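Some notes on the structure that comes next.
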Amino acid sequence: MKILLVEDEKELRNTLVASLLKEQFVVETAENFSEAISKIAIYDYDCILLDVMLPDGSGLNILSELKAMGKSENVIIISAKDALDDKLKGLELGADDYLTKPFHIAELNARIKAVLRRKSLDGKNSIELGNLILNIDERTLTIEKKDIHLNRKEFDILNYFLLNKNRLITKTALAEYVWGDQIDQADNFDFIYYQIKNLRKKLQQSEADVSIESIYGIGYKLIEK
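Given below as structure tokens:
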């Protein structure tokens, strides 16, 4: 899962990034309004953690920009301002939740997982397809009730495919989702090929009811057998 953290306080930003990485999220950051706008215009995110008070603009205006772009990212406002009108305005503009500083990291992690379940999985914590069950919270895969070990990247790739089954996934979209905007520094997508190769082998050996097809020169598609 890919998260954008929009926060200008360096110490808090670093603390949150460290915590989110431990939860196995792909994390990108923006320190101000302009940087946040630039990133959401280029990339898609599963969740945006949004500070309201930024040095060069309001986080609430970012919500308006998201709506204008037709984007549907899950947004959790994190702000020191506890005024009711700010909270209501944020929710009216499309925010999914509101968390007032200071807060416990565990609570933030729980809120993130809750909004992801509500929108992506209709409130469930797992994705089921054929004989396959992918548990999002526990980050586990079972096929025919047998546990299948996946590394972090394999899990994220399979999760993305399952959320987009029968859809063509380009190599670029897959790389951005799993590796974040650092993908811009990559010379090629060979690393994706190797992760896909290993994931396919595990699915085939476990006789999964799904397979990953290659679309020559473009990307991949997950289909149910």
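The UniProt record's numbering puts the sequence shown at residues 1 to 225.
The C-beta atom is built at its ideal place from N, Cα and C for all residues, glycine as well.
These numbers come from a predicted model, not from an experiment.
Whole-angstrom distance between residue j and residue i, CA atom to CA atom
i	j	result
L116	N74	7 Å
L174	F33	26 Å
L49	L99	10 Å
F103	V17	15 Å
N159	V178	10 Å
N61	R118	24 Å
M53	S79	7 Å
I133	L141	6 Å
Y220	I169	5 Å
I112	G217	35 Å
residue 228	V210	The structure shown has nothing for residue 228, since the chain only spans 1 to 225.
N135	Q24	13 Å
E31	G130	43 Å
D85	F189	47 Å
G70	R139	30 Å
E224	G57	46 Å
I212	I3	25 Å
residue 243	F155	Outside the displayed range of the chain (1 to 225) lies residue 243, so it cannot be described from this structure.
S214	L150	20 Å
L12	I77	14 Å
D44	A36	12 Å
I127	D137	11 Å
Terminal residues of the alpha helix (DSSP H) in which residue i lies
i	result
L199	190–205
L99	Not the alpha helix (DSSP H): L99 falls in the beta strand (DSSP E), residues 97–100.
V52	Where V52 is concerned, there is no enclosing alpha helix (DSSP H), given that its DSSP letter is neither H nor E.
D147	First-last for D147: 146–148, but that is the beta strand (DSSP E), not the alpha helix (DSSP H).
N14	10–22
E154	152–163
Beta-bridge partners of residue i, as assigned by DSSP
i	result
S214	Y220
E128	I133
T170	G219
I143	L132, K146
S79	T100
K58	According to the sequence provided, residue 58 is Ser. The question's Lys does not apply to it. Answer by DSSP bridge pairing, in chain order: M53.
Endpoints, beta strand (DSSP E) assigned at residue i
i	result
E28	26–30
L4	2–6
Reduced DSSP secondary structure (H/G/I, E/B, other) of residue i
i	result
Y45	coil
N74	strand
M69	helix
L93	coil
D86	helix
K113	helix
K39	helix
Distance between beta carbons of residue j and residue i, contact taken as under 8 Å
i	j	result
G59	V26	With a Cβ gap of about 21 Å, G59 and V26 do not count as contacting.
R153	Q195	Rather than Arg, the amino acid found at residue 153 in this sequence is Lys. That belief holds up - the Cβ atoms of K153 and Q195 are roughly 5 Å apart, short of 8 Å.
S64	L93	6 Å
I157	K171	Actually they do not touch by this definition, with Cβ atoms about 11 Å apart.
I40	L66	6 Å
Residue i beta carbon near the ligand GTP (any heavy atom closer than 7 Å)
i	result
I77	As for the ligand GTP, it is missing from this structure, which has no ligand bound.
Minimum Cβ-Cβ distance from residue i to chain C less than 8 Å
i	result
A41	Protein chain content of the structure displayed is limited to a single chain, and chain C is not contained in it.
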